Amino acid sequence: MASMAPSPHAGGLELPAAVPPNRFWTLAEGRAFFELGAFYASSPFLMNLAKGDGHSVLTLPGFMATNSSTIPMRRLLKRLNYDAHGWEAGRNVRVNEELLSSLEHQLTRQHKESGRKVSLVGWSLGGVLARELAKLHPEKVRQVISLGSPISDDRNHTSAARLFKLFNGDEPEKLRGGQFEGLDIAPPVPTTSIWTKTDGVVHWRGSVQHPHKGHENQPFENIEVYASHCGLGVNPSVMVALADRLAQKEGEWSPFLPKPHQRILFPKTSMN
241 MASMAPSPHA GGLELPAAVP PNRFWTLAEG RAFFELGAFY ASSPFLMNLA KGDGHSVLTL
301 PGFMATNSST IPMRRLLKRL NYDAHGWEAG RNVRVNEELL SSLEHQLTRQ HKESGRKVSL
361 VGWSLGGVLA RELAKLHPEK VRQVISLGSP ISDDRNHTSA ARLFKLFNGD EPEKLRGGQF
421 EGLDIAPPVP TTSIWTKTDG VVHWRGSVQH PHKGHENQPF ENIEVYASHC GLGVNPSVMV
481 ALADRLAQKE GEWSPFLPKP HQRILFPKTS MN
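Take any residue in the sequence shown, count from 1 to its spot, add 240: that is its number in this note's numbering.
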């Protein structure tokens, strides 16, 4: 997460000041346990989602989390015929050169071993890292999907800003010649941001990819779901959107449009 704030004016529109989510939603994050229960209860339904073409998917956990948090998601993706992998960087705490090098090495290896581009799925801070990794190596990335990620380029959108600064200071902004000072700019690959207005960690405005920051040569979209921040990686509606996005043929992208029986799961289909 970077501290550099976006311009207060974008495309002639004044952007609201960056603020963390309402404390009510932060205190209600415990509902993620019910989302996990819903994930397992809906497993028969989820197994009937669109199958993949076997390409490699790299999942990146959120701040302070490890690969354990993405186990349910990766198990589902494997059953849907994806070569799903967790990252090899341990707990997601420090954003430094060592972490970037580890991610680059893993991405390069998966790309080389599969002979195909790799899809990146990042949860919260993991989504920020996935986007920046795609900017560094777009030739190896098929698409990026972020879940509740603070992509606004302003740490004030998250309630974890102080904790993040405690472990990282201002080091991330200085990496790779200021690589992390343009988080709100979409990577040059197809990009999807999945977000929720009831996020208790990252204010929903901080997770929306704005059109004026989209990449002119690549599509992007925002998909709203009913979820908590801590439940995004297991929420059934997120899995529906995730499976749909990953199942698209490489080079053949179209905006997310849930099937008629799935529409009840989504407040809006997109926000471009």
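No residue lacks a Cβ here, since even glycine has one placed at the ideal position from N, Cα and C. If you're wondering where the values come from, they're calculated on a predicted model, not measured in any experiment.
Would you kindly report the start and end of the unbroken alpha helix (DSSP H) that includes Gly-326?
-> It is not in any alpha helix (DSSP H) - Gly-326 instead sits in the beta strand (DSSP E) that spans 323 to 326.
Looking at Ser-364 and His-469, is the spacing between their C-beta atoms short of 8 Å?
-> yes
Inspect the CB distances between the region 478 to 490 and the region 459 to 467 and report whether three or more fall short of 8 Å.
-> yes
Could you please give the first and the last residue of the uninterrupted beta strand (DSSP E) stretch that includes Trp-363?
-> 358 to 363
Hey, quick one: how far does the alpha helix (DSSP H) through Asn-408 stretch, first residue to last?
-> 401 to 408
Express the C-alpha separation of Gly-446 and Ser-282 in angstroms, rounding to a whole number.
-> 30 Å
Helix, strand or coil for Ser-386 per DSSP?
-> strand
Sufficient close CB pairs (3 or more, under 8 Å) joining the region 258 to 270 to the region 390 to 402 = yes
For the ligand ADP, is there a heavy atom less than 7 Å away from the beta-carbon of His-351?
-> The ligand ADP is absent from the structure shown, which contains no ligand whatsoever.
Take Thr-306 and list the residues in its own chain whose beta-carbon comes closer than 8 Å to its own, dropping the five residues that flank it on each side.
-> Gly-330, Arg-331, Asn-332
Rounded to a whole number of angstroms, what is the C-alpha to C-alpha distance between Leu-289 and Gly-277?
-> 19 Å
Round the Cβ separation of Lys-352 and Asn-321 to the nearest angstrom and send it over; I've been treating them as touching at under 8 Å.
-> Not a contact, Cβ separation roughly 21 Å.
Relative to the C-alpha of Leu-406, which residue among Trp-265, Asp-439, Phe-273, Arg-334 is closest?
-> Arg-334
Bridge partners of Leu-524, per DSSP?
-> Within the shown structure, residues of the chain are numbered from 241 to 512, placing residue 524 beyond reach of any answer.
Contacts around Asn-408, its chain only, beta-carbon distance under 7 Å, and the 5 residues preceding and following it disregarded | Arg-334, Val-335
Go to Ser-433, then tell me how far its beta strand (DSSP E) extends in each direction, as first and last residue.
-> 431 to 435
Buried versus exposed call for Glu-328 [16 or more other C-beta atoms within 10 Å across all chains shown] | exposed
Would you grab the beta carbon distance between Lys-380 and Leu-347 for me? Rounded to a whole angstrom, and I think it's under 8 Å.
-> 6 Å
Which listed residue (Val-368, Leu-267, Val-478, His-450) has its alpha carbon closest to that of Leu-300 = Val-368
Determine the extent of the beta strand (DSSP E) in which Ile-463 is found, giving its start and end residues.
-> 460 to 464
Taking 8 Å as the cut-off, decide whether the C-beta atoms of Phe-404 and Glu-413 are in contact.
-> no
Specify, as a first and last residue, the run of the alpha helix (DSSP H) that Arg-319 falls within.
-> 311 to 319
Spatially closest choice to Thr-398 from Asn-475, Gly-440, Val-429, by CA coordinates | Gly-440
So the alpha helix (DSSP H) Trp-265 belongs to, where does it begin and stop?
-> 263 to 267
Buried versus exposed call for Gly-251 [16 or more other C-beta atoms within 10 Å across all chains shown] = Residue placement at Gly-251 is flagged as unreliable, the pLDDT there being 41, under the threshold of 50; the coordinate-derived value follows with that caveat. The residue in question, Gly-251, is exposed, as its Cβ has fewer than 16 Cβ neighbours within 10 Å.
Let me know the secondary structure DSSP gives Pro-507 once reduced to three states.
-> coil
Can you tell which of Arg-402, Ile-504, Arg-314, Pro-498 has its C-alpha closest to the C-alpha of Leu-360?
-> Arg-314
What three-state label does DSSP hand Thr-398 in the structure shown?
-> strand
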